[in-house]
Structure formats: C-alpha cells, structure tokens
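Colleague: All letters in the sequence shown, in the order written, are residues 1 to 300 by full-length UniProt numbering.
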Amino acid sequence: MFKARSMATFRSPGRHGYAVEVSPFLPSLLACAASQHYGIAGSGTLFVLEQEEAGVSLVTSFDWNDGLFDVTWSENNEHVLVTGGGDGTVQLWDTANPQGPLQVLKEHTQEVYSVDWSQTRAETLVVSGSWDHTAKVWDPERPHSLSTLQGHEGVIYSTIWSPHIPGCFASASGDGTLRVWDMKAGVCRLVIPAHQAEILTCDWCKYDQNVVVTGSVDCSLCVWDLRNVRQHVARLTGHSYAIRRVKFSPFHHSVLASCSYDFTVRLWDFAGSEPLLETLEHHTEFVCGLDFNLHVPNQV
Numbered sequence: 001m002f003k004a005r006s007m008a009t010f011r012s013p014g015r016h017g018y019a020v021e022v023s024p025f026l027p028s029l030l031a032c033a034a035s036q037h038y039g040i041a042g043s044g045t046l047f048v049l050e051q052e053e054a055g056v057s058l059v060t061s062f063d064w065n066d067g068l069f070d071v072t073w074s075e076n077n078e079h080v081l082v083t084g085g086g087d088g089t090v091q092l093w094d095t096a097n098p099q100g101p102l103q104v105l106k107e108h109t110q111e112v113y114s115v116d117w118s119q120t121r122a123e124t125l126v127v128s129g130s131w132d133h134t135a136k137v138w139d140p141e142r143p144h145s146l147s148t149l150q151g152h153e154g155v156i157y158s159t160i161w162s163p164h165i166p167g168c169f170a171s172a173s174g175d176g177t178l179r180v181w182d183m184k185a186g187v188c189r190l191v192i193p194a195h196q197a198e199i200l201t202c203d204w205c206k207y208d209q210n211v212v213v214t215g216s217v218d219c220s221l222c223v224w225d226l227r228n229v230r231q232h233v234a235r236l237t238g239h240s241y242a243i244r245r246v247k248f249s250p251f252h253h254s255v256l257a258s259c260s261y262d263f264t265v266r267l268w269d270f271a272g273s274e275p276l277l278e279t280l281e282h283h284t285e286f287v288c289g290l291d292f293n294l295h296v297p298n299q300v
C-alpha cells in the first residue's frame, strides 16, 4: 500500500508492497513492487499508479512468477521500469507494452533485493544487489552484466548509484558494512563498518557527493562523510524496529525520510538541534518502501 502526504491510498489485496518510486518524468505517476505472502512464497506484481485529486488509481500492472522486491524508473525513457525478483532475475518493463517484460536478466543466484538506475549524465546503467552477496552492473540494452562486484560477506540489501560521480555506487549489507564501489575499475574504494547489525538501506545526499546515510536493524540511521569515516556525522534514533528504507530529500541537503517495521514513516533534519521533524503513523503493517516526489516539494 502507498500513502502520500495527502493520505491518498491504493490497496492491493493479496500483495504486500516492498518499494515505491515516483516517476522522474511525470509528477503524478508512481510504481510499486509487491509480493504475495511477504515475499516468502508466491508471485509478485508491479503496479503503475497515478495520483489524482480523487485518490490513487491503477494505470497498469504486470505479474511475475516470483516476488518483486524493488523497482526503479528509467532515467531516459518515461515508459520503462526495472524490477528485482525473488527468483534472482532483473526484469525490464515497458508501460506501453503490456505483453510482458522487455527483457529478463538472469545471473544472480539468489533474490535480487535492490535495483537502481544511474542518474548521472551519459550513463545508461542499472545496478542490482542480491542475497548472493554480489552486486552487478547492467546496460539494459545488453543481455549480460557489464561487471560483478564481490566483497560483501553477507546479503546485499541496497545498491544506490551516486547522483554525482559516474560509475560509483554504494551498497549496504547484512554484514554490517557500507561499501563504495568504482564499477569502471571493478573495485571497492571504501568499506565502512557502519553498524553492529544488518544494514537494510542506504542513500546518497543529493547536494553533497561525500554524504551517505545508512539505516539498520539496530533501529538507527547514521549519516556519514566519506572523507572521514571514523565517526558518523549524525546518528538518528526513534524507530522501535528495523529501518527498511531511507531516502534523502531532493529539495533540502540535510532532510531525509525513513520507514520501518514499526509501521511508521519519519522525517528528519540531521543538521537540526531536534532532528526528528515528523512521525507519520498511518500504516497498519510493515512499511517497506518510500520515495520523495521530485516535482512536488515535501510530498513523500
């Protein structure tokens, strides 16, 4: 289920939402990756939704034979999306082509829990992170990955491109580390022991190429400056269960949002004396996905 700040709601009976992403092209369009039975068994569905004054309506949907855990929009084609599945595949979909996926990329050997499309210019790349401990970089036009990055000693839960540096992405893992990768050189540039627990999510600041945030099973968010990782810039506490996803605001350099298994979404300003700005308590199940609208300030 997706909820905007205006409390528009879309219900998907029999499906649990894992990720939601607002279109970078159209402010009213968003996508949700969902699974049956909390992703433990059964199939998945990609929902493409539209926000209207009357509520959130279904534009189209695509079914997959396994759970879908993440979704990302293409940055160069408003109709194309990428999802990651429980069967180890990465799927490319076209909203203008309802017949099925444009392409299915199968190299991971376990669940694909994260997919992200590069936002830097002159790059058309997708990164995927898997429970097989690897991250893979793909050119959506090619059937095989461009590179496989290994180093994590646990499940990879999150892989996010830097919005500033071409070929650079961060990954968060069950091994308690945040890693920064250079896919062009095929190496890990930085390893940060960010939490003494599994890290389920990470994101880059949109205004500073050196700032990354992590969210963990230990219920905390840690903000890091990659130039000095001996100590975090800020540690944000308040969630009572594991933090499932975190996103930096596209409008404020120090504002971010997090969602948790404690059923809440929280807004923070890590530069403020009272970092917690707001707690949204409208969900009645685990909150697994959230996104800021790039076109509408303060809409989550």
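Glycine residues also receive a C-beta, built at the ideal position from the N, C-alpha and C atoms.
Note that the coordinates shown come from a computational prediction; the quantities given were computed from them, not determined experimentally.
So, with DSSP's three-state summary, where would you put residue 21?
Modeller: Strand.
Colleague: How should residue 193 be labelled, buried or exposed, when 16 other C-beta atoms within 10 angstroms of its C-beta is the threshold for buried?
Modeller: Flag for residue 193 reads exposed.
Colleague: Beta strand (DSSP E) containing residue 55: first to last residue?
Modeller: Element bounds for residue 55: 55-64.
Colleague: Check this for me: beta carbons of residue 18 and residue 289, under 8 angstroms apart or not?
Modeller: Against a cut-off of 8 angstroms, the Cβ pair of residue 289 and residue 18 comes out as a contact.
Colleague: Which residue wins for smallest C-alpha separation from residue 81, given the options 21, 131, 152?
Modeller: Comparing Cα positions, the closest option is 21.
Colleague: Terminal residues of the continuous beta strand (DSSP E) containing residue 73?
Modeller: Looking at the DSSP string, the run of the beta strand (DSSP E) that includes residue 73 is 68-73.
Colleague: Closest to residue 251 by C-alpha separation, out of 294, 69, 267, 57, would be which residue?
Modeller: It is 294 whose Cα lies nearest to the Cα of residue 251.
Colleague: May I have a chain-ordered list of the alpha helix (DSSP H) segments no shorter than 4 residues that lie completely inside the UniProt repeat "WD" (149-186)?
Modeller: Within the UniProt repeat "WD" (149-186), no complete alpha helix (DSSP H) run reaches 4 residues.
Colleague: Can you look up residue 228 in the DSSP assignment and give me helix, strand or coil?
Modeller: Strand at residue 228.
Colleague: Our contact map puts residue 133 next to residue 115 with C-beta atoms below 8 angstroms; I'd like the distance itself, whole angstroms only.
Modeller: About 16 angstroms; that fails the 8 angstroms criterion.
Colleague: Taking the straight line between their C-alpha atoms, what separation do you get for residue 217 and residue 198?
Modeller: Near 6 angstroms, if we compare the C-alpha coordinates of residue 198 and residue 217.
Colleague: Please go through the UniProt repeat "WD" (105-148) and give each complete beta strand (DSSP E) segment of 3 or more residues, from N-terminal end onward.
Modeller: If we require 3 residues or more, the beta strand (DSSP E) runs fully inside the UniProt repeat "WD" (105-148) come out as 112-117, 126-130, 134-138.
Colleague: Across which residues does DSSP place residue 95 in a beta bridge pair?
Modeller: Residue 95 pairs with nothing; no bridge assigned.
Colleague: For residue 153, is the classification buried or exposed, using 16 other Cβ atoms within 10 angstroms of its Cβ as the cut-off for buried?
Modeller: Exposed, since its Cβ has fewer than 16 Cβ neighbours within 10 Å.
Colleague: Can you tell me whether residue 243 is buried or exposed, with buried defined as 16 or more other CB within 10 angstroms of its CB?
Modeller: Buried is the call here.
Colleague: Short check: CB of residue 211 to CB of residue 178, under 8 angstroms?
Modeller: Their beta carbons are not under 8 angstroms apart, which means residue 211 does not touch residue 178 by this criterion.
Colleague: Leaving aside the five residues before and after residue 5 along the sequence, list all residues of the same chain whose C-beta is less than 7 angstroms from its C-beta, in chain order.
Modeller: Model confidence at residue 5 stands at a pLDDT of 46, short of 50, so the residue's coordinates are unreliable and nothing is read from them.
Colleague: Going by the CB atoms, is the gap between residue 29 and residue 50 shorter than 8 angstroms?
Modeller: Closer than 8 angstroms, so yes.
Colleague: Using only the alpha-carbon positions, how far apart do residue 214 and residue 62 sit?
Modeller: Taking the straight line from one Cα to the other gives about 31 angstroms.
Colleague: Output the distance between the C-alpha atoms of residue 226 and residue 90, rounded to the nearest integer angstrom.
Modeller: Those two C-alpha atoms are separated by around 30 angstroms.
Colleague: Taking the continuous beta strand (DSSP E) assigned at residue 260, which residues delimit it?
Modeller: Taken as a continuous stretch (DSSP letters only), the beta strand (DSSP E) holding residue 260 covers 255-260.
Colleague: Taking all protein chains shown into account, do 16 or more other C-beta atoms lie within 10 angstroms of the C-beta of residue 96, making it buried, or fewer, making it exposed?
Modeller: It counts as exposed.
Colleague: My assumption, with CB atoms under 8 angstroms, is that residue 131 sits in contact with residue 74. Please give the rounded CB distance.
Modeller: Not quite, the Cβ-Cβ distance comes to about 25 angstroms (not below 8 angstroms), so this is no contact.
Colleague: Give the DSSP bridge partners of residue 51, in chain order.
Modeller: Paired residue(s): 56.
Colleague: Work out the CA separation of residue 151 and residue 291 for me, nearest whole Å.
Modeller: Rounded to whole angstroms, residue 291 to residue 151 spans 28 angstroms at the Cα level.
Colleague: Ends of the beta strand (DSSP E) at residue 202?
Modeller: Run containing residue 202: 199-204, per the beta strand (DSSP E) assignment.
Colleague: Which term fits residue 262, buried or exposed, when burial requires 16 or more other beta carbons within 10 angstroms of its beta carbon?
Modeller: Its Cβ being crowded by 16 or more others within 10 Å, residue 262 is buried.
Colleague: Is residue 269 helix, strand or coil when you go by DSSP?
Modeller: Of the three classes helix, strand and coil, the one that applies to residue 269 here is strand, per DSSP.
Colleague: Going straight from the alpha carbon of residue 264 to that of residue 58, what length do you get?
Modeller: Roughly 24 angstroms separates the two Cα atoms.
Colleague: Helix, strand or coil for residue 297? Go by DSSP, reduced to three states.
Modeller: If DSSP states are grouped into helix, strand and coil, residue 297 belongs with coil.
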